[in-house]
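Reminder that position 341 of the sequence shown reads as 341 in our numbering, one-by-one numbering, no gaps. Ideal Cβ placement from N, Cα and C applies to all residues, glycine included. Taking it in order: structure first as structure tokens, then the write-up.
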Amino acid sequence: MHKPFYITTPIYYVNDNPHVGHAYTTVVVDAIARYHRIAGEEVFFLTGTDEHGQKVAEAAAASGISPKEHCDRFVQNFKKFWDDLGIEYDHFIRSTDGYHEKAVKRALLILHEMGDIYQDEYKGWYCTPCERFWTKKDLVEGSCPDCGRPTKELTEKNYFFRMSKYQDWLVDHIEKNPEFIQPESRRNEILGFLKRKLNDLCISRPKERLSWGIELPFDKDFVCYVWFDALLNYITAPGWPEHPARFEHTWPADYHVIGKDIVTTHAVYWPIMLKALGIDPPKSIYSHGWWMIEEAKMGKSLGNAVPIPKLIDLVGRDALRYFLIREKVFPLDAKFSFEAMIGRINSDLANDLGNLTSRILKLLSSNFRGLIPEPEDATEIELKLRDVALDSAEKVRKEVWNMRPSKALEAACELVRETNRYLEKTSPWSLAKEEKFERLETVLYNAAEALRVASILFWPAMPDACDEIRSRLGIGKVPVRLDDAFEWGELKPETQTRVGEPLFPRLDEKKVLAELRDKDKSRPSPVEDLININDFAKVKLVLGKIVRCRPAPDADKLLLIEVDLGEEKRQLVAGIAKWYSPEELIGKTIVVVTNLEPVKIRGNESRGMLLAAEAGGQVRILTVEGELPPGAKVR
Ligand code: ME8
1 MHKPFYITTP IYYVNDNPHV GHAYTTVVVD AIARYHRIAG EEVFFLTGTD EHGQKVAEAA
61 AASGISPKEH CDRFVQNFKK FWDDLGIEYD HFIRSTDGYH EKAVKRALLI LHEMGDIYQD
121 EYKGWYCTPC ERFWTKKDLV EGSCPDCGRP TKELTEKNYF FRMSKYQDWL VDHIEKNPEF
181 IQPESRRNEI LGFLKRKLND LCISRPKERL SWGIELPFDK DFVCYVWFDA LLNYITAPGW
241 PEHPARFEHT WPADYHVIGK DIVTTHAVYW PIMLKALGID PPKSIYSHGW WMIEEAKMGK
301 SLGNAVPIPK LIDLVGRDAL RYFLIREKVF PLDAKFSFEA MIGRINSDLA NDLGNLTSRI
361 LKLLSSNFRG LIPEPEDATE IELKLRDVAL DSAEKVRKEV WNMRPSKALE AACELVRETN
421 RYLEKTSPWS LAKEEKFERL ETVLYNAAEA LRVASILFWP AMPDACDEIR SRLGIGKVPV
481 RLDDAFEWGE LKPETQTRVG EPLFPRLDEK KVLAELRDKD KSRPSPVEDL ININDFAKVK
541 LVLGKIVRCR PAPDADKLLL IEVDLGEEKR QLVAGIAKWY SPEELIGKTI VVVTNLEPVK
601 IRGNESRGML LAAEAGGQVR ILTVEGELPP GAKVR
């Protein structure tokens with residue numbers, strides 16, 4: 001039997017809710033999976049959550065609950081977000097699922113028994129956020145080469161996976177299979193990385209340091225390194241090793257789609273793990289670029305500045321899906337901006353596709369009681385429209401199969417623009433006025449037929465909107481065999497159509513921007529209503545004693561406050577001159593936010609912010625009751 005098209009997203013960490021970056025990978029994979037499904041292929045689309053390891057353990061500890069309880073809560077949010085975005089995965093794996101944990105232990109035992117996992121003493125520099133050991137020469141000025149944060153020197157007994165043994169095989173595999181790592185730039189990076197001798201991979205963590213993980217089956221004092229556990233999800237979900245028939249049917253994966261942040265783990269550790277286990281590597285690892293905000297990668301903190309539920313609320317889920325897939329060229333980085341989102345939705349969806357739909361349906365309604373007419377023979381211009389439609393369909397297919405989802409939508413847009421041009425040129429409005437009904441029948445039939453084809457081409461990106469177009473055209477949902485649907489002339493004359501509300505109402509840029517930026521008016525949602533304790537913990541609050549204070553030059557509302565924070569003194573600029581004189585403030589102990597980025601206010605640098613309460617036009621600073629030294633942490 002034919003193997004399914006098997007495509008995966010990463011399994012995401014559950015230390016926080018998903019943000020637009022996570023949504024991006026998941027939406028793109030969903031759309032690609034849908035394209036393959038309607039092409040008549042069996043598809044296995046896997047996503048899920050990565051629940052072990054230090055990040056999750058720390059997030060749970062900060063909320064004062066057990067890691068499993070923490071994961072159970074966040075997994076619900078992930079599933080809800082994916083439902084809200086219309087993600088139709090075939091399986092959602094949690095790395096705490098019993099079958100996965102059992103299979104990871106099995107893999108560890110096999111590798112231990114064959115000698116590919118061995119114990120050794122390890123001295124290294126550990127980066128807690130990345131959960132990675134580095135050698136001294138890897139460090140950049142003593143800090144983690146990946147994230148730039150400080151590392152700690154640690155010596156401990158640990159278990160190692162003999163990656164070095166498979167280095168030559170891996171280089172050979174990458175060289176012989178150009179599609180194995182895509183795009184080419186990432187492939188070259190990995191080949192460059194593999195020019196250096198590979199170190200063996202530390203795959204254990206002593207329980208005394210981290211107990212939240214899968215226990216090593218051969219040493220109960222250790223748990224498995226989170227990446228070693230997580231990568232195996234791609235084979236445990238389709239049934240390795242308990243369900244060999246299902247596994248054989250599904251593996252190898254056609255695409256592991258990931259962000260460019262996790263290429264080494266996927267393109268080096270993962271194929272070597274599989275090779276050691278005697279399993280074929282995946283066919284391809286595709287790493288896409290990042291959504292950026294300003295110059296930085298959109299991550300947990302920046303990403304939550306654009307919460308998914310609010311975006312869905314304001315622009316609609318199909319429009320959001322469309323924007324994400326269309327705007328970012330898959331392998332490259334792209335800047336996320338609300339303006340670009342609104343512009344893209346208004347031009348491609350409200351103006352082009354939405355307008356085309358309502359033009360055709362209104363003309364059918366006013367001239368033929370909404371019934372699809374019987375066309376006369378096609379003239380040259382109809383033949384051209386048909387050719388463009390069938391061409392666009394072929395282009396879309398090619399682009400999707402070559403993993404260029406943005407280009408696929410561009411090709412679909414070309415058909416919409418061509419159909420709008422067709423209407424301009426044939427001018428059905430004039431034909432109606434001049435009562436040239438036979439020609440009008442032909443024009444509207446062909447325009448409706450082009451819209452039917454467009455409803456298929458856009459469906460994987462915008463399933464609801466396209467099914468709605470089809471329902472208005474009086475036809476069923478998108479069929480599962482693309483090829484049949486591309487026969488020109490599928491619409492049956494006499495089918496009843498209906499006009500309906502605008503599919504993509506034009507977004508009022510000013511209004512939407514104001515809503516997006518107005519945090520107070522945000523819709524109640526799991527992300528915005530309640531913040532996670534980790535978010536709160538990011539704010540560093542410290543007691544500071546005011547040692548000097550003076551009015552800021554040329555700014556009568558501002559005071560320049562020098563505050564003693566125990567280990568250092570800093571200047572704060574605060575707009576409280578209306579309520580306090582400098583003399584009153586000196587000697588007071590206040591609460592200071594110390595980890596804000598420095599800013600210049602009217603030319604004066606402020607390195608932090610004091611807390612104050614406001615009501616009825618009155619402002620009072622926050623102080624502490626009793627005596628505590630400067631530098632004391634506020635919790
Ligand atoms: O790395 N732009 O999980 P994670 C585009 N658990 N995509 C982004 C993005 C951005 N700014 N930010 C995140 C992990 N992503 C591991 C994976 S797999 C066996 C284990 C997407 O929660 C992108 O797909 O940090 C990236 O690779 C992934 O989220 C990282 O998710």
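From the DSSP output, read off the bridge partner residues of residue i.
i, result
"A334", "W291"
"T49", "Y12, R94"
"Q571", "E562"
"E418", "Answer by DSSP bridge pairing: none, since E418 is not bridged."
"R550", "L560"
"G259", "H288"
"W134", "W125"
"C202", "F160"
"F44", "Y6"
"K433", "K433 pairs with nothing; no bridge assigned."
Can you list, in chain order, the residues of its chain whose CB lies under 7 Å from that of residue i, leaving out five sequence neighbours each side?
i, result
"I342", "L507, E509, V512"
"A577", "P551, D556, K557, L558, L559"
"A412", "S392, V396, A454, L457, F458"
"C130", "C144, D146, C147"
Considering only heavy atoms of ligand 1, does any lie closer than 7 Å to the CB of residue i?
i, result
"Y24", "yes"
"W291", "yes"
"A230", "yes"
"Y118", "no"
"D261", "yes"
"N233", "yes"
"K79", "no"
"G299", "yes"
"D30", "no"
"D50", "yes"
"Y255", "no"
"Y12", "yes"
"I456", "no"
"I645", "Outside the shown range of the chain, which is 1 to 635, sits residue 645, and nothing can be said about it."
"G21", "yes"
Do residue i and residue j have their C-beta atoms closer together than 8 Å?
i, j, result
"R106", "G48", "no"
"V223", "R205", "yes"
"Y24", "L324", "yes"
"P630", "G575", "no"
"V480", "I456", "no"
"D348", "F5", "no"
"I11", "F45", "no"
"K569", "V547", "yes"
"T419", "L491", "no"
"T236", "A447", "no"
"P405", "F338", "no"
"W134", "T155", "no"
"I590", "L622", "yes"
Let me know the secondary structure DSSP gives residue i once reduced to three states.
i, result
"V539", "coil"
"F180", "coil"
"D391", "helix"
"T623", "strand"
"E614", "strand"
"Y225", "coil"
"V527", "With a pLDDT of only 37 at V527, under the threshold of 50, the placement of this residue in the model should not be trusted, and no figure is reported."
"F78", "helix"
"C127", "strand"
"H100", "helix"
"G544", "strand"
"S143", "strand"
"E88", "coil"
"V20", "helix"
"N604", "strand"
"S522", "The predicted position of S522 is uncertain, since its pLDDT is 42 and thus under 50; a value taken from the coordinates is nonetheless stated next. In this structure, S522 counts as coil in the three-state DSSP scheme."
Leaving out five residues on either side along the sequence, give the residues of the same chain with a beta carbon under 6 Å from the beta carbon of residue i.
i, result
"A613", "R620"
"L353", "V416"
"P524", "Reliability of the predicted coordinates at P524 is poor, the pLDDT of 36 falling under 50, and no value is obtained from them."
"P526", "Because the pLDDT of P526 is 39, which lies under 50, any placement of that residue in the model is unreliable, and the number read from its coordinates should be weighed accordingly. The answer, listed in chain order, is N77."
"G500", "R472"
"Y322", "A461, M462"
"G474", "T495, Q496, T497"
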